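Student:
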Amino acid sequence: MESLIWLVPGLPLFGAAILLLGGKRTNAWGHLLGCLAALGSFALAAGLFFTMLGKHGAARSMHQHLYSWVPVPGTGQHPFQADVAFQLDQLSVVFILLITGVGSLIHIYSIGYMSHDPERRKFFSYLNLFLAAMLILVLADNYLLLYVGWEGVGLASYLLIGFWQAKPSAAAAAKKAFVVNRVGDVGLSIAIMLMFVTFGSFNFGTVFGTAGGASKGTLTAIGIMLLLAACGKSAQFPLQSWLGDAMEGPTPVSALIHAATMVTAGVYLIVRSHAIFDLSPTARLLVTIVGAITLLFGAIVGCAKDDIKKSLAGSTMSQIGYMILAAGLGPIGYAFAIMHLVTHGFFKAGLFLGAGSVMHGMDDEVNMRHYGGLRKYMPITFGTFFLGYLAIIGCPPFSGFYSKDKIIEAAFSKGGTSGWILGGAALLGALITAFYMTRMVIMTFFGEKRWVPDAEGHEPHPHESPLSMGLPMLLLAVGSVAAGFLFSMNSAFVNWLEPVTGPRAEGKLPGGLNSTTLSIITLAAVAVGVAIAVVKYGTGKVPAVAPRGSFITVAARKDLYGDAFNEAALMRPGQYLTRTLVYTDNRGVDGAINGLAALVGGTSGRLRRLQTGFVRSYALSMFGGAAALVAAILFAKL
Amino acid sequence: MSSFPWLTTMGVVPLVGSALVATLPKERSAAAKKIALTFSVATFGVAALMATQFKKGGSRFQFTESHQWIKAFNINYGLGVDGIALVLILMTTVLMPVVMLAAWNDADEAQADGRRSVRAYFALYLLLETMMIGVFAATDLFLFYVFFEAMLIPMYFLIGGFGGPQRSYAAVKFLLYSLFGGLFMLAALIGLYVASGKHLGTGTFDFNTLANAVASGQLGISPGLSKALFLGFFVAFAVKAPLFPFHTWLPDAAAEATPGSAVLLVGVLDKVGTFGMLRYCLELFPGASKFFTPMVIGMAIVGTLYGALLAIGQTDIKRLIAYTSISHFGLITLGVFAMTSAGQSGASLYMVNHGLSTGALFIVAGFLISRRGSQLIDDYGGVNKVAPKLAGVFLIAGLSSLALPGLSSFVSEFLVLVGTFERYKAVAIVATCAIILAALYVLWLYQRTMTGPLKAGLEGMKDLRAREVVAVAPLIALIIGLGFYPKPILDVVNPSVKTTLQHVQKQDPAPALNAQTSEKVDSK
Chain C
1 MESLIWLVPG
11 LPLFGAAILL
21 LGGKRTNAWG
31 HLLGCLAALG
41 SFALAAGLFF
51 TMLGKHGAAR
61 SMHQHLYSWV
71 PVPGTGQHPF
81 QADVAFQLDQ
91 LSVVFILLIT
101 GVGSLIHIYS
111 IGYMSHDPER
121 RKFFSYLNLF
131 LAAMLILVLA
141 DNYLLLYVGW
151 EGVGLASYLL
161 IGFWQAKPSA
171 AAAAKKAFVV
181 NRVGDVGLSI
191 AIMLMFVTFG
201 SFNFGTVFGT
211 AGGASKGTLT
221 AIGIMLLLAA
231 CGKSAQFPLQ
241 SWLGDAMEGP
251 TPVSALIHAA
261 TMVTAGVYLI
271 VRSHAIFDLS
281 PTARLLVTIV
291 GAITLLFGAI
301 VGCAKDDIKK
311 SLAGSTMSQI
321 GYMILAAGLG
331 PIGYAFAIMH
341 LVTHGFFKAG
351 LFLGAGSVMH
361 GMDDEVNMRH
371 YGGLRKYMPI
381 TFGTFFLGYL
391 AIIGCPPFSG
401 FYSKDKIIEA
411 AFSKGGTSGW
421 ILGGAALLGA
431 LITAFYMTRM
441 VIMTFFGEKR
451 WVPDAEGHEP
461 HPHESPLSMG
471 LPMLLLAVGS
481 VAAGFLFSMN
491 SAFVNWLEPV
501 TGPRAEGKLP
511 GGLNSTTLSI
521 ITLAAVAVGV
531 AIAVVKYGTG
541 KVPAVAPRGS
551 FITVAARKDL
561 YGDAFNEAAL
571 MRPGQYLTRT
581 LVYTDNRGVD
591 GAINGLAALV
601 GGTSGRLRRL
611 QTGFVRSYAL
621 SMFGGAAALV
631 AAILFAKL
Chain Y
1001 MSSFPWLTTM
1011 GVVPLVGSAL
1021 VATLPKERSA
1031 AAKKIALTFS
1041 VATFGVAALM
1051 ATQFKKGGSR
1061 FQFTESHQWI
1071 KAFNINYGLG
1081 VDGIALVLIL
1091 MTTVLMPVVM
1101 LAAWNDADEA
1111 QADGRRSVRA
1121 YFALYLLLET
1131 MMIGVFAATD
1141 LFLFYVFFEA
1151 MLIPMYFLIG
1161 GFGGPQRSYA
1171 AVKFLLYSLF
1181 GGLFMLAALI
1191 GLYVASGKHL
1201 GTGTFDFNTL
1211 ANAVASGQLG
1221 ISPGLSKALF
1231 LGFFVAFAVK
1241 APLFPFHTWL
1251 PDAAAEATPG
1261 SAVLLVGVLD
1271 KVGTFGMLRY
1281 CLELFPGASK
1291 FFTPMVIGMA
1301 IVGTLYGALL
1311 AIGQTDIKRL
1321 IAYTSISHFG
1331 LITLGVFAMT
1341 SAGQSGASLY
1351 MVNHGLSTGA
1361 LFIVAGFLIS
1371 RRGSQLIDDY
1381 GGVNKVAPKL
1391 AGVFLIAGLS
1401 SLALPGLSSF
1411 VSEFLVLVGT
1421 FERYKAVAIV
1431 ATCAIILAAL
1441 YVLWLYQRTM
1451 TGPLKAGLEG
1461 MKDLRAREVV
1471 AVAPLIALII
1481 GLGFYPKPIL
1491 DVVNPSVKTT
1501 LQHVQKQDPA
1511 PALNAQTSEK
1521 VDSK
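Line order of the protein sequences matches chains C and Y. Under my numbering, think of the first position of the first sequence as 1, with each following residue one higher. Under my numbering, think of the first position of the second sequence as 1001, with each following residue one higher.
Here it is, written out as structure tokens:
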């Protein structure tokens, strides 16, 4: 089985290549090939997983070396050597199952969702490309190859956000996502360079094996650079601004890339690099701060948006904030970060697919104020969406309850003031999550119809989506319901990851709290959140036009002024800088050299002649002069 | 086969083609194109065959030829290639047929005007190819200088005769700048010859002899003179590359030249500058190179950011691409003067990759411009809707220019950055930030030209023709192929870089951890 690892990313890569090179000829069956590639990859992943189950302990880690990629032997003993080689361990197998599993479902869903799009084949080729890149990201055994996957998913994300690129907003959103991610890439690049000059290698094995020998300052610097990379890819503060705009992409893309998989790559990066973070409390503290800020930031934004996808995007940002927070907590949190990542992968993908199904039935309307009462018209969508809702707010025994509760508990048990602050933030986040999700469910599925006719005056006719869309939603709902419970049985998930993330440290809850009381407090917070939303949206009429709202609402609608800040602090000064430089380059630098040339030439008259037609003779005479000079110097010297 | 004069053959094939094309009657322009293409393909064939004969572990210069030329000054017709020259010659011979196919109809208008003829255009291309092969293959410094200057002539006529409205101005500016730089090199060359006569008994222009004599200390040029001679060579190469602040001729020349000529100008001719720095500046004047490293690194890092910022602000597609190249040349120079294996192998690979990606970018921009007749970005928009293949190829070329991991330029750019980081952390970090600017200039260009609603007047725009697909496909294939498998080029380049570093007496810095442990061992 080990020798087949390369086919896991290989199959979707071939799929993408065939669909892109084949062009229109593959239009008829392109979507089927795309699905087949994804399913084949999933089957392989499952096979590898079962092979792994049959082994024990360290033997579970598999490795496949394909070829030497970038060899520079160098002058000394320290070559620069990067290989295309894959490593499949307990952590990456979780990811390849999630990626290919959820990925396959979303491929199938897209058959129906994109059935009216003339470019459906291209859409599937990009989805395949995404899968391949994401799988390379999690399978790479060194940071440079990881970088290829890292940027590959960024490219796929760029192509898919801008899939309807005739829309200027989509094209702008795609570019924004890529550019903001590049800021993160600077972090990843510098981290890899630091590793190379410190360890002489950027292979996981060497770096993690020798991390203990490096100075604390170096490890902290590497950690911070990795965090910067994670912030870009996972839309964490302060690089969060692109995720909301990314909702311009087709909804299956939002579900797969901007909820379940790609945006969680930052969490993977940090947990994968735990050997570095383990040794640097400063870097870990920064990770927890970023996570805590983002989990509140995203949740607040999620409360204010009327666009169902943008509200979900805020929620994604917030949930990933939880994962980042958990990862930053170190050995007490790594496993829970990944566990929440997986459960979130199920329920958030399900919620997005539900939102897509609603949009599909409502003529692509995204404003929740124009929904209402849809549960009667779309029972399957409503049912699956509601299960996802119960999971995300952390209602027992749904999956989010297990994974999120553990993160809150871990945050409190960090100890000290920071433990109280982080735990408090996570608890507050749970309350806000319950509020905005309840608001979303009520505005969409309950209350009276607030449907708005389209430009030609047709009333929307909401209808249940076809089976190809319904089936993936049902399967994801199963995950939303059961995953948390299954993972938590006998701490199965934590034990599974232990060989990779190290033994889990048991934290101690402060101030007389214990697991049970904390769970009760959390549930109470959730109940409060639900209650506020029910009172506010469930009992009265939801206005079809958004009220002005408090200053917090206004700010949250504008993503807490993230874009405004970027524009004022970066974009405008940047524009002035480039304009000034263009001006001076044309006048200043060029002018100075022209002036110098005139000076050397004796009179500026010659320069004028140069520009008025005698150019060729002048140039040739100068060339002749040069030749004469050659001869003269040669003979004079000898 | 070992004594077969590969390099002379490779230079003669296009020269014969050029003569043949030039003697055709003016009306037979279709035949001129086909003959020229055939000869350029044949030249590539010779180059490819020769490359298979190159021995990776063999002596540094292979396929050497040496014939006495000017006895009085001990000047030889000396040819030979090391790994770096080999890959640059290969790149040149790949680009030439590609450029010809892409530029198939570029000279038709000039002939219709009665200004120039199609046969002249293609004859000049072939003549230029001979010169470019010669400049990389020369191992005699005087011969190198002759090719270095002579290749200006066909390029001058290509820009001045077939370019845009400002072509005369641009061509003269190009020529003057280059001659200006060339004069410095000539003076330094003569100085070096005289010095070699003083120290070695007989003066010589043979690079191998000179480099070995410098490395062994036999040719002990005084530090002051060495610095002066270094500057003579460096100025010539810095103008050619071009390096900030000697760059202002490039945007004009590239914007006014036909796209095909722009590819050869930026993709190949300018590489002679960075190639010259790596081979001649460093090995002939190692002490002076080290002395001037801070200055050169400064110019390179400023140029990297400056070129990128200027590219963002351009309104003309071809000028934009020219400025991106100024940024890339800054990075290549950084890699050369970082004096590490990663930096210099990266820089060598970068020269090849930049030729491919900028070549593809100029060519596709040329396809676009030929359809609308405007170079202004604002005249385009939504092209993807009517010409998706053109837009797709443009995007791939652009992504390669921004060094997307997985594409060829990533490997070289990352090696350059790592190689720089090994010695100059702050510089490398600043240079790394240029990747954000690169994303901006590429994607913003793509956004403004290819996405959004279709600009009025573009409704009937045709997608890529078969000829155009054939022209650009090899470049795209290489950009992707070398991204995943750059090893064949690195394997050839690495030994040359190793020799250069030995001659400069520089060792790669050891990783911090190994250094610590070895210190501990020492102290015990």
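A virtual CB, placed ideally from N, CA and C, is assigned to each residue, including glycine. Since the structure is predicted, the reported quantities are computational estimates derived from the model, not experimental observations.
(1) Mind listing the chain Y neighbours of K175/C? Cutoff is C-beta to C-beta under 7 Å, in chain order.
(2) Classify D1206/Y: buried if its beta carbon has 16 or more other beta carbons within 10 angstroms, exposed otherwise.
(3) Using a Cβ-Cβ distance under 9 Å, would L227/C count as near chain Y?
(4) Beta carbon of F123/C, beta carbon of S157/C: below 9 Å?
(5) With 9 Å as the threshold, decide whether the Cβ of I1312/Y is near any Cβ in chain C.
(6) Which residue comes first and which comes last in the beta strand (DSSP E) that contains I1070/Y?
(7) Counting only beta-carbon separations shorter than 9 Å, does N1494/Y have a partner in chain C?
(8) Got a sec, what are the start and stop residues for the alpha helix (DSSP H) W29/C sits in?
(9) Please state whether DSSP places I1317/Y in a helix, a strand or coil.
(10) Rounded to whole angstroms, what is the Cα-Cα separation between S1518/Y and T198/C?
(11) Based on the DSSP output, what are the partners of V545/C in its beta bridges?
(12) Quick check on the burial criterion: 16 or more other C-beta atoms within 10 angstroms. Buried or exposed for W1249/Y?
(13) Can you tell me which residues form a DSSP beta bridge with H65/C?
(14) Ends of the beta strand (DSSP E) at G1078/Y?
(15) How long is the line joining the alpha carbons of S1370/Y and V545/C, rounded to whole angstroms?
(16) Check the Cβ-Cβ distances between Q1502/Y and every residue of chain C, and say whether any is below 9 Å.
(17) To the nearest angstrom, how far is the alpha carbon of H56/C from that of G1267/Y?
(18) Would M114/C count as contacting chain Y if we go by Cβ distances under 9 Å?
(19) For I1435/Y versus A1403/Y, is the C-beta distance shorter than 9 Å?
(20) Check the DSSP bridge columns for V72/C and list the partner residues they point to.
(21) Measuring CB to CB, does I338/C end up less than 9 Å from V526/C?
(22) Verify the CB distance criterion: does F1421/Y have a CB-CB separation below 9 Å to chain C?
(23) DSSP three-state call for N514/C: helix, strand or coil?
(24) Along the chain, which unbroken stretches of the beta strand (DSSP E) at least 3 residues long are found entirely within the region 1447-1503 of chain Y?
(25) With three or more C-beta pairs closer than 8 Å as the rule, is the region 1236-1251 of chain Y touching the region 1306-1324 of chain Y?
(26) Please classify P460/C: is it buried, with 16 or more other beta-carbons within 10 angstroms of its beta-carbon, or exposed?
(27) May I have the straight-line CA-CA distance separating T1410/Y from A59/C, to the nearest angstrom?
(28) Given a cut-off of 9 Å, decide if L1349/Y and L1490/Y are closer than it, judged by their beta-carbon atoms.
(29) So G1197/Y and E1149/Y are in contact, right, with Cβ under 8 Å, and what is the actual spacing, rounded?
(30) Give a yes or no on whether 9 Å exceeds the smallest Cβ distance from A304/C to chain Y.
(31) Alpha carbon to alpha carbon, what distance is there between L325/C and V287/C?
(32) Along the alpha helix (DSSP H) that carries M1185/Y, what are the first and last residues, could you check?
(33) If you measure from the beta carbon of I190/C to each beta carbon in chain Y, is any gap under 9 Å?
(34) What are the boundary residues of the alpha helix (DSSP H) that includes D1140/Y?
(35) Are three or more beta carbon pairs between the region 1055-1065 of chain Y and the region 1162-1179 of chain Y nearer than 8 Å?
(36) Spell out a yes or no on whether the region 329-338 of chain C and the region 448-458 of chain C are touching, meaning 3 or more CB-CB pairs, one atom from each, closer than 8 Å.
Tutor: Answer, in terms of the structure:
(1) As a working note, residue 175/C is residue 175 in the first sequence. L1443, W1444, Q1447, listed in chain order.
(2) One-based indexing of the second sequence puts residue 1206/Y at position 206. By the neighbour-count rule (16 or more Cβ atoms within 10 Å), D1206/Y is buried.
(3) Counting from one through the first sequence, the residue named residue 227/C turns up at place 227. Not closer than 9 Å to any Cβ of chain Y, the Cβ of L227/C fails to qualify, so no.
(4) For the purposes of this step, residue 123/C is taken as the residue at position 123 of the first sequence. For the purposes of this step, residue 157/C is taken as the residue at position 157 of the first sequence. Contact: no.
(5) On the second sequence, position 312 is the one that residue 1312/Y refers to. Interface residue, yes.
(6) Along the second sequence, one-based indexing puts residue 1070/Y at 70. 1062-1070 is the extent of the beta strand (DSSP E) around I1070/Y.
(7) In the second sequence, counting from the first residue as 1, residue 1494/Y sits at position 494. At least one chain C Cβ lies under 9 Å of N1494/Y.
(8) Counting from 1 along the first sequence, the entry for residue 29/C is found at position 29. Premise fails: W29/C is in no alpha helix (DSSP H) and is neither H nor E.
(9) Position 317 of the second sequence, counted from the first residue, corresponds to residue 1317/Y. Helix at I1317/Y.
(10) Indexing the second sequence from 1 puts residue 1518/Y at position 518. Indexing the first sequence from 1 puts residue 198/C at position 198. Residue placement at S1518/Y is flagged as unreliable, the pLDDT there being 44, under the threshold of 50; the coordinate-derived value follows with that caveat. Rounded to the nearest angstrom, the two C-alpha atoms are 14 Å apart.
(11) As a working mapping, residue 545/C is identified with position 545 in the first sequence. According to DSSP, which records beta bridges pairwise, V545/C is partnered with nothing at all.
(12) Along the second sequence, one-based indexing puts residue 1249/Y at 249. Buried, because 16 or more other Cβ atoms sit within 10 Å of the Cβ of W1249/Y.
(13) Position 65 of the first sequence, counting from 1, holds the residue named residue 65/C. According to DSSP, H65/C bridges with A85/C.
(14) As a first step, residue 1078/Y must be located in the second sequence, where it is residue number 78. Here the beta strand (DSSP E) through G1078/Y covers 1075-1081.
(15) Reading the second sequence from its first residue, position 370 is the one you call residue 1370/Y. Reading the first sequence from its first residue, position 545 is the one you call residue 545/C. Spanning the two alpha carbons is a distance of roughly 50 Å.
(16) For the purposes of this step, residue 1502/Y is taken as residue 502 along the second sequence, with counting starting at 1. Interface residue, yes.
(17) Taking the first residue of the first sequence as 1, we reach residue 56/C at position 56. Taking the first residue of the second sequence as 1, we reach residue 1267/Y at position 267. The alpha-carbon atoms of H56/C and G1267/Y are separated by roughly 55 Å.
(18) As a working mapping, residue 114/C is identified with position 114 in the first sequence. So, not an interface residue.
(19) Residue 1435/Y sits at position 435 when you count from the first residue of the second sequence. Residue 1403/Y sits at position 403 when you count from the first residue of the second sequence. Yes.
(20) Within the first sequence, numbered from 1, the residue matching residue 72/C stands at position 72. V72/C pairs with F80/C.
(21) Position 338 of the first sequence, counted from the start, is the residue given in the question as residue 338/C. Position 526 of the first sequence, counted from the start, is the residue given in the question as residue 526/C. Taking 9 Å as the Cβ cut-off, I338/C and V526/C do not qualify as a contacting pair.
(22) Walking along the second sequence from the start, residue 1421/Y turns up at place 421. Taking Cβ atoms only, chain C reaches closer than 9 Å to F1421/Y, which makes this a yes.
(23) Translated into positions along the first sequence, residue 514/C becomes position 514. It is coil, neither helix nor strand.
(24) none
(25) The answer is yes - the region 1236-1251 of chain Y touches the region 1306-1324 of chain Y, with three or more Cβ pairs under 8 Å.
(26) Translated into positions along the first sequence, residue 460/C becomes position 460. Result: buried.
(27) As a working mapping, residue 1410/Y is identified with position 410 in the second sequence. As a working mapping, residue 59/C is identified with position 59 in the first sequence. Reading off the sequence, residue 1410/Y comes out as Phe, not Thr. One C-alpha to the other measures close to 35 Å.
(28) Numbered from its first residue, the second sequence carries residue 1490/Y at position 490. Numbered from its first residue, the second sequence carries residue 1349/Y at position 349. Yes, the Cβ-Cβ distance between L1490/Y and L1349/Y is below 9 Å.
(29) In the second sequence, residue 1197/Y corresponds to position 197, counting from 1. In the second sequence, residue 1149/Y corresponds to position 149, counting from 1. Incorrect: roughly 23 Å between the Cβ atoms, too far for contact.
(30) Within the first sequence, residue 304/C is the residue found at index 304, counting from 1. Against chain Y, the CB of A304/C has no partner CB under 9 Å away; the residue lies outside that interface.
(31) Stepping through the first sequence from its first residue, residue 287/C is reached at position 287. Stepping through the first sequence from its first residue, residue 325/C is reached at position 325. So the two alpha carbons sit approximately 6 Å from each other.
(32) Residue mapping note: residue 1185/Y aligns to position 185 of the second sequence, counting from 1. 1167-1200 is the extent of the alpha helix (DSSP H) around M1185/Y.
(33) Position 190 of the first sequence, counting from 1, holds the residue named residue 190/C. Chain Y contact via Cβ: present.
(34) Your numbering for residue 1140/Y matches position 140 in the second sequence. Here D1140/Y belongs to no alpha helix (DSSP H), and DSSP marks it neither H nor E.
(35) Cβ pair count under 8 Å is below three, so no.
(36) no
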